[in-house]
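First up is the structure itself, then whatever we jot down about it.
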Amino acid sequence: KQEVTQIPAALSVPEGENLVLNCSFTDSAIYNLQWFRQDPGKGLTSLLLIQSSQREQTSGRLNASLDKSSGRSTLYIAASQPGDSATYLCAVRRWANSKLTFGKGITLSVRP
Amino acid sequence: AAGVIQSPRHLIKEKRETATLKCYPIPRHDTVYWYQQGPGQDPQFLISFYEKMQSDKGSIPDRFSAQQFSDYHSELNMSSLELGDSALYFCASSLVGRLTNTGELFFGEGSRLTVL
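The listed protein sequences derive, respectively, from chains D and S. Residue numbering for the first sequence is 1 to 112, as defined by my numbering. Residue numbering for the second sequence is 113 to 228, as defined by my numbering.
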């Protein structure tokens, strides 16, 4: 059974800092990995999708990497802003049509 | 661009009542997924449909049922509601049956169910 772990559960950083959010998964046989952002009580916004054959994806200040063999992914946020404060969830998919298995998320707080 | 539409956005029910949530996937998406997210929890997979057939089943209580209709919209029916059913219910859609499929899931804003 796939298990996705995100540590730490919460993180507080000052504005402007570059930061890395970690995600690990137990079964390296994945189809893809998605990073989501969730604001309190709101929906899930897809940030980046990495296919199993890819090593990284970039979107603006965000960069996600994938090391499938070691079961790890990182989300790099450059020059963090207070507006980046949210919960960031990592999720993996076993096959093209299978469910996403989520980690418990990292709640990020960026202090002005 | 069209997104996943869920209705209602908020729903308040009494214990033992019945609730129905609706999901309209992104046009031409052939797969729908339902997730339940309790307070402070990660989303838990309930059930999925591909081309109107159930494709996978997760931790969905027997009191819940779901289906996907001919127009690809899906409904989640919840009966004999319990306090513990209070949660945010997400629907997601994906396009699976294409060679160019990226496998990305797109989520709706969710339906918040409160059971009193």
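Glycine residues also receive a C-beta, built at the ideal position from the N, C-alpha and C atoms. A quick note: this is a predicted structure, and the numbers were derived from the prediction, not measured.
Consider the Cβ of residue i: report whether some Cβ of chain S lies at a distance smaller than 7 Å.
| i | result |
| --- | --- |
| Lys1 (chain D) | no |
| Arg94 (chain D) | no |
| Phe102 (chain D) | yes |
| Tyr88 (chain D) | no |
| Lys68 (chain D) | no |
| Gly71 (chain D) | no |
Assign residue i to one of three DSSP states: helix, strand, or coil.
| i | result |
| --- | --- |
| Asp168 (chain S) | strand |
| Leu11 (chain D) | strand |
| Leu195 (chain S) | helix |
| Ser85 (chain D) | coil |
| Val20 (chain D) | strand |
What does DSSP give as the partner residues of residue i in its beta bridges?
| i | result |
| --- | --- |
| Phe161 (chain S) | S:Val144 and S:Gln166 |
| Lys134 (chain S) | S:Ser119 and S:Glu187 |
| Gln2 (chain D) | According to DSSP, Gln2 (chain D) bridges with nothing at all. |
| Ala91 (chain D) | D:Gln34 and D:Phe102 |
Evaluate residue i with the Cβ neighbour count: other Cβ atoms within 10 Å of its Cβ, from every protein chain shown; 16 or more gives buried, anything less gives exposed.
| i | result |
| --- | --- |
| Pro155 (chain S) | buried |
| Asp183 (chain S) | exposed |
| Lys169 (chain S) | exposed |
| Pro112 (chain D) | exposed |
| Asp174 (chain S) | exposed |
| Lys42 (chain D) | exposed |
| Ala86 (chain D) | buried |
| Arg55 (chain D) | exposed |
| Leu228 (chain S) | exposed |
Of all Cβ atoms in chain D, is any one closer than 7 Å to the Cβ of residue i?
| i | result |
| --- | --- |
| Gly215 (chain S) | yes |
Mind pulling the beta strand (DSSP E) runs of 3 or more residues that sit fully within the stretch 33-83 of chain D?
-> Residue ranges of uninterrupted beta strand (DSSP E) with 3 or more members, entirely inside the stretch 33-83 of chain D and ordered along the chain, are 44-51, 56-59, 62-67 and 72-77.
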